[in-house]
Ligand SMILES: [Zn+2]
């Protein structure tokens with residue numbers, strides 16, 4: 001039976017200005033995790049969040065995460081964890097939600113049209129400000145959901161566990177170990193039945209989505225060296241074997257113009273496309289024009305949306321990123337670099353095991369270098385890797401969210417995956433052993449991480465309804 005949410009919806013609408021004001025206060029705290037001198041502001045933002053939730057009766061704790069690795073003079077901002085209602089109701093399901101209260105750096109001089117740490121709402125309801133959509137809007141969404149249930153006099157449908165971090169935009173330092181420890185029996189997150197993360201975006205601007213997959217990333221470097229120091233081509237050109245020549249040829253052998261990875265065995269690791277999955281792409285609200293608009297060109301690999309989406313979500317890709325030590329300034333310097341390091345990465349998908357990808361990469365790169373017959377030295381190594389994630393969109397966590405989207409937005413959500421990574425997703429899945437849902441609030445034009453970041457008023461207000469409705473449906477879904 002669908003829960004009656006009319007009074008909840010009305011309360012959210014009646015309190016919209018109050019909720020926007022809460023976002024305004026949050027945006028005004030410049031909680032930039034990448035800038036050491038802003039660390040007190042990051043902590044201040046964590047405390048703001050904690051106080052807001054305590055004011056609503058939640059049981060909150062600020063948990064220290066220790067010193068920042070590599071910057072031992074800096075204390076990491078705390079993980080703000082909490083439970084609402086303060087005392088667990090054993091008759092209800094427990095949902096663990098995650099968000100982050102830190103933001104990307106922002107300066108007016110970067111090209112913002114408005115002061116980045118002052119929420120500016122224009123006549124179209126676009127609320128500009130750093131962190132508005134990533135991720136303060138969604139995080140405050142949960143706070144507003146609690147307050148709206150109280151004001152509407154509706155029983156809170158679940159036990160809500162909260163985990164809010166302050167280092168997401170700086171690699172979530174210290175968080176993985178914390179999550180893993182707190183998911184152990186008897187610990188804070190131990191009784192979570194499912195996880196919900198609101199920290200990504202709709203594919204477009206009109207249709208909400210539920211996200212069930214992310215690609216992983218394995219990042220490599222190839223170092224080629226020969227001469228003891230940089231040389232002049234007028235003197236040594238034609239006499240020395242050049243590292244850059246070797247590197248360009250090895251890197252050039254990795255992928256072709258149509259995005260096809262040339263490393264044998266890579267595609268054999270990829271899970272085959274099922275009929276059922278193939279059918280999913282057709283109905284997704286996405287057009288080639290959406291792609292061309294975001295590319296700023298029409299230089300896409302495929303000319304249809306299905307292949308384009310599959311190329312982004314469910315097949316691996318290999319990108320060449322740059323060359324350290326190469327001459328890259330304007331002008332015509334006649335240097336022969338003595339040592340160059342080429343960087344590339346592979347976005348990975350089911351069922352590619354990172355260590356299998358590594359060994360295919362190493363042996364292919366070795367083989368390509370050997371073919372050159374060069375006297376230079378070559379080393380290839382992995383810089384970092386994060387695994388892909390795919391959840392079952394048939395799980396009750398997803399069906400509840402789909403019903404919530406239909407109730408609030410009156411459309412069936414797109415089921416999407418993303419080409420990038422949100423590493424904490426996999427950590428939560430592995431640590432809890434439970435289903436993880438990505439339930440975005442903002443839209444594709446929000447410009448998270450960019451200048452003029454915004455959240456549409458509509459997405460914020462309806463997004464609060466969506467998060468609250470999701471909790472009400474999730475309380476009712478049959479477990480199987
Ligand atoms: Zn984010």
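Residue numbers (UniProt numbering): 1 to 480. Just so it is clear, CB atoms sit at the ideal spot from N, CA and C, and this is done for glycine as well.
- Between residue 5 and residue 308, the C-beta spacing is not below 8 angstroms.
- When 81, 414, 132 are compared, the shortest CA-CA separation from residue 163 is found for 81.
- Taking residue 20 as the centre and dropping the five residues before and after it, the same chain places the C-beta of 119, 121, 127, 457, 460 closer than 8 angstroms to its C-beta, in chain order.
- 8 angstroms or more divides the Cβ of residue 228 from the Cβ of residue 334.
- Bridge pairing for residue 164: 80, 99 [DSSP].
- The beta carbon of residue 230 is closer than 8 angstroms to those of 335, 336, 337, 338 in its chain, skipping five residues each way along the sequence.
- Counting every other CB atom within 10 Å of its CB across the protein chains shown gives residue 397 a total of 16 or more, marking it as buried.
- Comparing C-alpha distances from residue 198 to each of 472, 477, 443 shows the shortest one belongs to 443.
- The beta carbon of residue 382 is closer than 6 angstroms to those of 220, 358 in its chain, skipping five residues each way along the sequence.
- By the Cβ rule, the segment 369–379 does not count as touching the segment 202–218, because fewer than three pairs are nearer than 8 angstroms.
- Relative to ligand 1, even the nearest heavy atom lies 7 angstroms or more away from the CB of residue 149.
- With 5 angstroms as the limit, the residues whose C-beta approaches a heavy atom of ligand 1 more closely than that are 134, 135, 199, in chain order.
- DSSP links residue 225 through a beta bridge to 339, 377.
- Here the C-alpha atom of residue 428 lies approximately 10 angstroms from the C-alpha atom of residue 437.
- If the five residues before and after residue 246 are omitted, its C-beta is found closer than 6 angstroms to the C-beta atoms of 224, 372, 374, 376, all from its own chain and listed in chain order.
- DSSP assignment within the UniProt domain "Peptidase M20 dimerisation" (214–370) yields the following whole beta strand (DSSP E) runs of 3 residues or more, N-terminal first: 216–225, 317–324, 339–348.
- Contact annotation: residue 454 and residue 446 have beta-carbon atoms nearer than 8 angstroms.
- Setting aside the 5 residues that flank it on each side, residue 311 is surrounded in the same chain by 259, 301, 302, 317, each with a C-beta closer than 8 angstroms to its C-beta; the list follows chain order.
- Judged by pairs of C-beta atoms under 8 angstroms, the segment 9–17 does not touch the segment 70–88, as fewer than three such pairs exist.
- Bounds of the alpha helix (DSSP H) holding residue 149 are 137–152.
- Under the 8 angstroms Cβ criterion, the segment 139–147 counts as touching the segment 44–60, having at least three qualifying pairs.
- Setting aside the 5 residues that flank it on each side, residue 389 is surrounded in the same chain by 214, 425, 426, each with a C-beta closer than 6 angstroms to its C-beta; the list follows chain order.
- Taking all protein chains shown into account, residue 465 has 16 or more neighbouring C-beta atoms within 10 Å of its C-beta and is therefore buried.
- Residue 60: member of the beta strand (DSSP E) spanning 59–63, first to last residue.
- For residue 287 and residue 29, the gap between their C-alpha atoms comes out near 38 angstroms.
- Only residues of its own chain outside the window of five on either side were considered, and among them 93, 94, 95, 434 have a CB closer than 8 angstroms to the CB of residue 193, listed in chain order.
- Of all C-beta pairs linking the segment 265–278 to the segment 177–193, fewer than three are shorter than 8 angstroms, placing the two stretches out of contact.
- Around residue 250, the same chain offers 222, 365, 368, 369 as residues with beta carbons nearer than 7 angstroms, after the five sequence neighbours per side are excluded.
- With fewer than 16 other CB atoms across the displayed protein chains lying within 10 angstroms of its CB, residue 267 is exposed.
- Secondary structure note for residue 456: its beta strand (DSSP E) is the uninterrupted segment 454–456.
- Excluding five sequence positions before and after residue 117, the CB atoms of its chain that fall closer than 8 angstroms to its own CB belong to 27, 28, 29, 30, 106, 129, 130, given in chain order.
- With a cutoff of 8 angstroms on beta-carbon distance, residue 254 and residue 344 are scored as near each other.
- Under the DSSP definition of a beta bridge, residue 94 partners with 159.
- Pairing residue 104 with residue 169 gives a Cβ-Cβ distance under 8 angstroms.
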